[in-house]
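Inspection log for the structure reproduced underneath, given as structure tokens.
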Amino acid sequence: MPSLWRQTAPIAPRPPLQGDLETEAAVIGGGLAGILTAALLRESGMDVVVLEADRIGSGQTENTTAKVTGQHGMLYHRLEQTLGQDSARLYAGAGQQALEWYQQLIWDRRIDCEWKRLPAYLYAVRSEAELLREFAAQERAGLPVRLTEETGLPFPTAGAVRCENQAQLHPLRLLRALAEELTIREGTRVLEAEGDQLRTSSGTVRAEHIIFCCHFPFVNAPGYYFLRMHQERSYVLALRGAPALPGMYYSADPGGASLRMADGLLLVGGGAHRTGENREGGKYEALRRWAGLHFPDAAEAGRWSAQDCMTLDGAPYIGPYSKRTQGLFVATGFNKWGNTSAMAAAGVLADLLQGRENPYAALFDPARTVLRPQLLANGLEAVLNLLRPTAPRCPHMGCALRWNGAERSWDCPCHGSRFGENGKLLDNPATDGKRL
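Read left to right, the sequence shown gives residues 166 to 601 (our numbering).
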């Protein structure tokens, strides 16, 4: 079913591309990252067009839980291990800067998008040992955090890390307001990119700068993002009649739940798994059991799911598409924190395209090392599913698709493309020209 955001923020359609077009910058993807990037570039005086395969906001933007926070779950200890303490501190700075950019943008343009500053909590129900380790890493990174036993949750916890003055919003109301001043072509799927030219489903676009904000970049080489990322799905229930909570919440426990209030409803998120690994379904049922245990008087008002690109080291890829390409840029791999990372990406890309230095560009540079354990795991998963003698197969690179019983779709465990029962493309990197 449509998410809460889609139900409460209808957006007028835009016409598709008709024929050929030349522009300074072409942004592929009309989600929050693409629209924010296009808005910043247009504000600088650049001629920009946004190319969206479906409707703007119809991808992961409409399925997010829409938290804007620098406290990204159990991430900072991992960042210290993979990238070092200095990079972890930079990452925290990018998240906190994104918060301030959002607030300034919303205030300056007087956008009604339910922007609200409130604390974020990383809570544990079982053991607090790993929570304490993560707290120390977040504190070293410079986040405004403290330990607390007071969470406002209606069930006992082993403790929590409270991060002050974070935020939540209505993503589609923000996107709708920003889109009013932009040139957008909906129903225009980009099928190929070669040099400075894009071939779409209804014409060609030539641009000095091409920015891939299409969730999973579909140009395989150079860049090789299909090796450097995998995709994960997660699920959301909207509950009516739950007690109001004073913050946003993310569980440090495996199998725990993410929580936030929206329009009087409690959003309960969880059930994450690698795309293609949910043949038996049951994820919504597991969330319902969790909700029934902790919020027994609440009733289900809606449900939906999302998909996220997961990088090798926990940080997004934002910057030049590869060392071998000129004029191509990318923003991907937001690791389930797309609202924060979308604004960080827009700031980095706007600076790069205009020749300005950005303090976070080196941290997010897609050309950084890929020698991580997850690279081997991604490669092994791809090999196993390429050799699996089953049908149907994904037209992206030929991996065997697996049935998703929860959503009645065919999902690719290699790179995350998804198809409906009728073969219609639901999620990239496969393109619409490559149906089942």
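Where a beta carbon is used, it is the ideal one built from N, C-alpha and C, also for glycine.
Counting along the chain, glutamate 373 sits inside the beta strand (DSSP E) bounded by residues 368-377.
If you draw a straight line from the Cα of proline 554 to the Cα of alanine 344, it comes to about 45 Å. For the pair methionine 426 and alanine 409, the Cα-to-Cα distance works out to about 7 Å. Annotated three-state conformation of isoleucine 349 is strand, per DSSP. Residue burial is scored here from C-beta neighbours: lysine 589 has fewer than 16 other C-beta atoms within 10 angstroms and is therefore classed as exposed. Taking all protein chains shown into account, lysine 448 has 16 or more neighbouring C-beta atoms within 10 Å of its C-beta and is therefore buried.
In the same chain as lysine 501, and ignoring 5 residues on each side of it, the C-beta atoms closer than 6 Å to its own belong to Asp473, in chain order. In the three-state reduction of the DSSP assignment, serine 506 falls in the helix class, which pools H, G and I. Annotated three-state conformation of glutamine 472 is strand, per DSSP. Under the three-state reduction of DSSP output, asparagine 330 falls in the strand class. Per DSSP, glycine 260 is one residue of the alpha helix (DSSP H) stretching across 250-274. Annotation: phenylalanine 377 to tyrosine 389 spans about 14 Å, alpha carbon to alpha carbon. Across the set Leu197, Met508 and Leu334, the C-alpha of Leu197 shows the shortest separation from the C-alpha of cysteine 379. Straight-line measurement puts the Cα of tyrosine 400 at about 30 Å from the Cα of glutamate 304. Bounds of the alpha helix (DSSP H) holding proline 336 are 336-344.
CA-CA distance, aspartate 462 to alanine 456, rounds to 9 Å. Across the structure, arginine 364 and valine 192 are spaced so that their CA atoms are roughly 13 Å apart. Note that the C-beta distance between glycine 467 and methionine 166 is below 8 Å. Alanine 471 places its beta carbon less than 8 Å from that of glutamine 225. The residue among Asp576, Trp469, Ala231 and Gly184 with its C-alpha nearest the C-alpha of leucine 340 is Ala231. DSSP lists no bridge partner for threonine 230. In the three-state reduction of the DSSP assignment, lysine 501 falls in the coil class, being assigned neither a helical nor a strand state.
One alpha carbon belongs to alanine 511, the other to glycine 199, and they sit about 8 Å apart. DSSP places threonine 365 within a strand segment (E or B) once states are collapsed to three. Of the other Cβ atoms in all chains shown, fewer than 16 fall within 10 Å of the Cβ of serine 209; this residue is therefore exposed. With fewer than 16 neighbouring CB atoms inside 10 Å of its own CB, glycine 420 falls in the exposed class.
Within a 10 Å sphere around the beta-carbon of glutamate 227 sit 16 or more other beta-carbons, which makes this residue buried. Bounds of the alpha helix (DSSP H) holding alanine 294 are 294-305. Annotated three-state conformation of lysine 488 is coil, per DSSP. For glutamine 519, the secondary structure class from DSSP, reduced to helix, strand or coil, is coil. For isoleucine 200, the enclosing alpha helix (DSSP H) covers residues 197-208.
Where histidine 459 is concerned, there is no enclosing beta strand (DSSP E), although the alpha helix (DSSP H) around it starts and stops at 448-459. A check of alpha carbon separations from cysteine 278 across Pro319, His335 and His237 identifies His335 as the nearest. Here the C-alpha atom of glycine 581 lies approximately 26 Å from the C-alpha atom of tyrosine 256.
Uninterrupted alpha helix (DSSP H) stretches at least 4 residues long and entirely within the segment 386-442 occur at 390-393, given in chain order. When Cβ pairs closer than 8 Å are counted between the two stretches, the segment 263-283 is seen not to touch the segment 306-326, the count staying below three.
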